[in-house]
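Peer 1: Let me begin by handing over the structure; questions about it come next.
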Amino acid sequence: MTFAEPERLALALRELIERRAALQAALRSALQEALTDAERADIQRVLDHMAQEKASLEQRLEALLKQPGTGGTG
12 MTFAEPERLA
22 LALRELIERR
32 AALQAALRSA
42 LQEALTDAER
52 ADIQRVLDHM
62 AQEKASLEQR
72 LEALLKQPGT
82 GGTG
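Residue numbers (our numbering): 12 to 85.
Written out as structure tokens, the structure reads:
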């Protein structure tokens, strides 16, 4: 791994987290629409899964930022 690679990975993770947040906002908005109970349940399951994945991505980002050369404390 090159010196700049952890920084690129951190930037990519941040961008992914931001894009997923926008998708989550759109899905939450869809919950307000006239949907069937089954559709609402499906969207809620997706949102719950995305919340779990977000936590994992944030942990990865935190670990990456702690590595030497990424401005972290590692």
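Ideal Cβ placement from N, Cα and C applies to all residues, glycine included.
Just so you know, these numbers come straight off a predicted model, no measurement behind them.
Just to confirm the assignment, what range does the alpha helix (DSSP H) spanning Lys65 have?
Peer 2: 48-76
Peer 1: Would you check if the region 16-34 and the region 71-79 touch, i.e. whether three or more CB-CB distances between them fall below 8 Å?
Peer 2: Enough Cβ pairs lie closer than 8 Å, so yes.
Peer 1: Suppose the cutoff is 7 Å on Cβ atoms and the five residues either side in sequence are ignored; what does the same chain contact list for Leu68 look like?
Peer 2: Leu24, Leu27, Ile28
Peer 1: Taking a contact to mean a Cβ-Cβ separation below 7 Å, would you say Ala41 touches Ile54 in this structure?
Peer 2: yes
Peer 1: Hey, how far is the Cα of Glu18 from the Cα of Leu76?
Peer 2: 8 Å
Peer 1: Any idea what DSSP makes of Pro17, helix, strand or coil?
Peer 2: helix
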